[in-house]
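To keep things clear, I will list the structure first and then write my remarks on it.
There are 2 protein chains.
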Amino acid sequence: MAKASSKQITPKSEDFDRWYVDVIRRAELADYTPVAGCMVIRPYGFALWENTQRALDDMIKRTGHQNMQFPLFIPESLLVKEAEHVEGFAPEVAWVTQGGSEQLHERLAVRPTSETIICELYRKWIHSWRDLPVLINQWANVVRWEKRTRLFLRTTEFWWQEGHTFHETWEQARDEVDTMLGCYRELAEEWLAMPVIAGRKTASEKFAGAEYTLSIEAMMSDGWALQTGTSHHLGQNFTRAYDISYSGRDNTLLFPFQTSWGLSTRIIGGVIMAHGDDAGLILPPRVAPVQVIVVPIAQSGDAGGPVEEAAVRLEREAPSGVRLRVDRRDGIRPGEKYADWELRGVPLRVVVGARDLAEGRVTVVRRVDGEQQQLPLEGVAARLPGMLDEAQAAIRARAQRLLDERSVEVTDLDGLRQAFEVQPVFASGPFCDSPECELAVKQAVHALTVRVLRADRRPDGAPCLGCGRPADHVALFARAY
Amino acid sequence: MAKASSKQITPKSEDFDRWYVDVIRRAELADYTPVAGCMVIRPYGFALWENTQRALDDMIKRTGHQNMQFPLFIPESLLVKEAEHVEGFAPEVAWVTQGGSEQLHERLAVRPTSETIICELYRKWIHSWRDLPVLINQWANVVRWEKRTRLFLRTTEFWWQEGHTFHETWEQARDEVDTMLGCYRELAEEWLAMPVIAGRKTASEKFAGAEYTLSIEAMMSDGWALQTGTSHHLGQNFTRAYDISYSGRDNTLLFPFQTSWGLSTRIIGGVIMAHGDDAGLILPPRVAPVQVIVVPIAQSGDAGGPVEEAAVRLEREAPSGVRLRVDRRDGIRPGEKYADWELRGVPLRVVVGARDLAEGRVTVVRRVDGEQQQLPLEGVAARLPGMLDEAQAAIRARAQRLLDERSVEVTDLDGLRQAFEVQPVFASGPFCDSPECELAVKQAVHALTVRVLRADRRPDGAPCLGCGRPADHVALFARAY
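The listed protein sequences derive, respectively, from chains A and B.
323 is the number that our numbering gives to position 11 of the first sequence; each next residue is one higher, with no gaps.
629 is the number that our numbering gives to position 317 of the second sequence; each next residue is one higher, with no gaps.
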């Protein structure tokens, strides 16, 4: 680990964007590369992603899905079969045109998403209603050619899972879309400590080729929104275009209904922006690569003394499953070590000093709020899981407070304008979901977007804040990454 | 699961190549795709790979390595810096030349392997001897343009892990190369039940850019060899070419020594070919997606009766960690179910029939040798882990017997020719490791190759089987996939 004092990061309050990049690079989560728009995920960042992956993969399997691996390349003739889909993705595709010394007859797209190749393959595999449902998932890299990139949030290559399912009925596909959005919500809230608002995207924001798209939106600590997972009902749009038909229970030929859903490394950007502070990252314990950092404050000539003994004891007594590490680096002052691990967002720091230890005690400091406790060394290791749970809850409660404080209700466009005058907020208001009113909202406040039509709210007769006509929805308006 | 009787596969003895493809497709491990040379790994095959991955990933982490993620693309100017490396890989590279609507100024290689981009990045990150060793790994897809493809064994895109390390001394790099080959051996032997022979590749077969390459070679059941993992000492070849220098302990500027090592989905092809028989796959329990298949033989109108009760009891009582499934499919005769799961290589089948059950018993059949046991239902679930261990050992012993039976010693080229007259074997003999003698060996027997200079044997003064001059090595000669 390179020494990386928090002094080197721009304060969050001074410049959020620079803070974001500083934290990622100094905490060694990720970095830019000489490959345009592509990032490298470094060990600390990748361990965070691995823990997130593991949690989500368990949910994906728990809900009956199986993992597969599909080809990276998609022949152009395959990509273009669903008109809306190709129109949406073609401008972002990286094309392979040469293989070895050979000029290819047909260009190969580096997958921007895999619906098309998956449909082509399942055309061979789905024959009868007995073959349904198909419930599969792939962890993969995808490529979308981006002009403006931002570590984790928008890169040319990114890593994700994409689930793909086929069903007999529209309603089964709807339930699947809901189930998987529920998993994403569980991941965001229970594991990443980010409260989210779920709902449906407007027509202009849905997945290219979908009937509708659901999404979860989290609030970053600057009040902006981040879309952290999407789940799409594809209807029969692709199954008709790719001619996937099966013989139904009554022996008629039918097209299955389809869904897809994805969550990517982008959510790591969310964890950083939702929880971090001027000192660096604040990681939720359930996904933190290091949950407890022990800093022994050894006096010179103290090797093998009581301080080291206590550190060894903590290592030995830490319940299995607790990711605890002892920082035994030489020649680095305790204060620097504290700053390093604060920058890296480690949830708990256990300081083992000679004076405390003489009284049988150690000091435990919680990253999220700096809360300090002096606790008996005896039994402290066994208490770590409980303290980590409390830290997890404290991080989530803090994020929930921010969301509550920065959420406002609006009833007209003037109210919407006023709501954003002081600071970015999550504004909710009655909305008719017409393209005209969506445009009016975007023009009312700079960079404002309709995030979702909220799943948890109904307008109760209030008129649309754009046109005053009856509103069917309560929409969430926010600026978004 | 599609019904897939073993009747549909070509007998192994009749045509090994067709048997191999039949097994993979009928057991739904993988399939060809409309994308030239690219395969799709289906859920059953992917679960097998996931179990293999998990085992190896644990070893990689246990030995101190951390996972990362590097970019898929490598700019051409970066790829070409190490002369031998680019010469080796350029003929196999897929090139991206267009991004969106834009023609790229510089072609991007889809990574055939990642040494070059990793060197470029670590040039920024390695400054001092304190930054060494660097011990990292990546799980990734790579692309090598192939003309002749074969499921799992040789496909344009494949999936692997590639480890990359940097060290202060040549000896440390040597130890790393040995350690990781040791992990590959452990994976092959302890998990995949394939005994292997380890050694060094000849100059003509080493990795492009390496000082030397170690490999493990397993015997397939047709007597051919499969290289199942390689570990390369890169010396300072890349670190000099990419100008990675650091200040050493004495403050002089030094180039680190480097290693890389990889193991891919190819090894799944090895598991299939090493163990399978005319009825299909034979999977080692430690990686089998389903370890125990329970087939209840229910009479009509028996729903909820003692047979189903016994099946439920087995599900409930199976120790955690045992991957047990009950085949409750309707309208499929028991014999067909047996054939389906034999095709899929499930290590143990538990048949629950009414007559046995009346005597409190079930029948357990072992896939590898068809051994049957009638056992009391009471307590049988608890015995499953032990029986799985025995099945694992039996599969390995069977592979070891084959290797022993088909291994021969040779002392001259005539002996080598005779050894291959009856059937393909693993021939070992004294060898001087000159390019001339390598050529002589290749010409002596059709398609013969020097697999490795064995790490476990010395020639004890015997002369080279090619030229009669002093031999430093015992080489392993075999035909190889």
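Backbone N, C-alpha and C fix where the C-beta goes; we use that ideal spot for every residue, glycine too.
Here the structure is a predicted model, which means the values were calculated and not measured.
Limits of the beta strand (DSSP E) - the one that residue i falls within
i, result
"residue 434/B", "No beta strand (DSSP E) contains residue 434/B, which is instead part of the alpha helix (DSSP H) from 427 to 437."
"residue 453/B", "446 to 455"
"residue 328/B", "Element bounds for residue 328/B: not the beta strand (DSSP E) but the alpha helix (DSSP H), 328 to 338."
"residue 637/A", "636 to 638"
"residue 678/B", "673 to 678"
"residue 299/A", "Past the edges of chain A, shown from 313 to 793, lies residue 299/A, and the structure says nothing about it."
"residue 794/A", "The structure shown does not extend to residue 794/A, since chain A is modelled only from 313 to 793, so the question has no answer here."
"residue 353/B", "351 to 353"
Within-8 Å CB hit, residue i to chain B
i, result
"residue 622/A", "no"
"residue 453/A", "yes"
"residue 448/A", "yes"
"residue 786/A", "no"
Enclosing alpha helix (DSSP H) for residue i [first to last residue]
i, result
"residue 653/A", "646 to 655"
"residue 398/A", "395 to 401"
"residue 551/B", "549 to 553"
"residue 341/A", "Here residue 341/A belongs to no alpha helix (DSSP H), and DSSP marks it neither H nor E."
"residue 421/A", "Per DSSP, residue 421/A belongs to no alpha helix (DSSP H); it is in the beta strand (DSSP E), 414 to 422."
"residue 666/B", "666 to 670"
Minimum Cβ-Cβ distance from residue i to chain A less than 8 Å
i, result
"residue 401/B", "no"
"residue 407/B", "yes"
"residue 457/B", "yes"
"residue 438/B", "no"
"residue 556/B", "no"
"residue 318/B", "For residue 318/B, the pLDDT reaches just 49, beneath the cut-off of 50, and the residue's location in the model is therefore unreliable, leaving the point undetermined."
"residue 584/B", "no"
"residue 404/B", "yes"
"residue 790/B", "no"
In the stretch 372 to 397 of chain A, which residues sit with their C-beta less than 8 Å from some C-beta in chain B, listed in chain order?
378, 379, 380, 381, 382, 383, 384, 385, 386, 387, 390
Please name the residues in the stretch 327 to 350 of chain B whose beta-carbon is closer than 7 Å to at least one beta-carbon of chain A, in chain order.
Among the residues of the stretch 327 to 350 of chain B, those with a Cβ less than 7 Å away from any Cβ of chain A are 345, 346, 347, 350, in the order of the chain.
For the stretch 641 to 671 of chain A, list every residue whose C-beta sits within 9 Å of some C-beta in chain B, in sequence order.
none
Tell me which residues of the stretch 406 to 434 of chain A have at least one Cβ-Cβ distance to chain B shorter than 8 Å, keeping chain order.
From the stretch 406 to 434 of chain A, only 406, 407, 408, 409, 410, 411, 412, 413, 414, 419, 420, 422, 429, 432, 433 have a Cβ closer than 8 Å to chain B.
I'd like the ranges of any beta strand (DSSP E) spanning at least 3 consecutive residues and lying wholly in the stretch 705 to 788 of chain A.
719 to 721, 738 to 743, 760 to 766
Residues, ordered as in the chain, of the stretch 349 to 369 of chain A that lie near chain B by beta-carbon distance below 9 Å
Near chain B, meaning a CB-to-CB distance below 9 Å, the residues of the stretch 349 to 369 of chain A are 349, 350, 351, 352, 353, 354, 355, 356, 357, 358, 359, 361, 362.
Which ranges does the beta strand (DSSP E) cover as unbroken runs of at least 3 residues, wholly within the stretch 461 to 525 of chain B, from first to last along the chain?
Runs of the beta strand (DSSP E) inside the stretch 461 to 525 of chain B: 469 to 479, 508 to 512.
Cβ-based contacts, 7 Å cut-off: residues of the stretch 467 to 478 of chain A near chain B:
Along the stretch 467 to 478 of chain A, going in chain order, the ones with a CB nearer than 7 Å to a CB of chain B are 469, 471.
Does the stretch 635 to 655 of chain A come into contact with the stretch 734 to 748 of chain A, if we say contact requires no fewer than three beta-carbon pairs (one atom in each stretch) closer than 8 Å?
no
In chain order, which alpha helix (DSSP H) runs of at least 4 residues are fully inside the stretch 362 to 389 of chain A?
List check, alpha helix (DSSP H) in window: nothing returned.
Stretch pair the stretch 477 to 485 of chain B + the stretch 396 to 407 of chain B: three plus CB contacts closer than 8 Å
Output reads no: the stretch 396 to 407 of chain B does not touch the stretch 477 to 485 of chain B.
Every unbroken beta strand (DSSP E) inside the stretch 569 to 631 of chain A [3 residues or more]:
569 to 576, 604 to 609
Quick check: the stretch 488 to 501 of chain B against the stretch 547 to 564 of chain B, are at least 3 beta-carbon pairs closer than 8 Å?
They do not touch, by the three-pair rule.
At least 3 beta-carbon pairs within less than 8 Å: the stretch 514 to 528 of chain B vs the stretch 542 to 554 of chain B
yes
Contact between the stretch 364 to 381 of chain B and the stretch 378 to 388 of chain A is defined here as three or more beta-carbon pairs at a separation below 8 Å; is this criterion met?
With the cut-off at 8 Å, the stretch 364 to 381 of chain B and the stretch 378 to 388 of chain A do not touch.
At least three beta-carbon pairs within less than 8 Å, the stretch 591 to 601 of chain A to the stretch 647 to 661 of chain A:
Yes, since at least three Cβ pairs between the stretch 591 to 601 of chain A and the stretch 647 to 661 of chain A fall closer than 8 Å, the two stretches touch.
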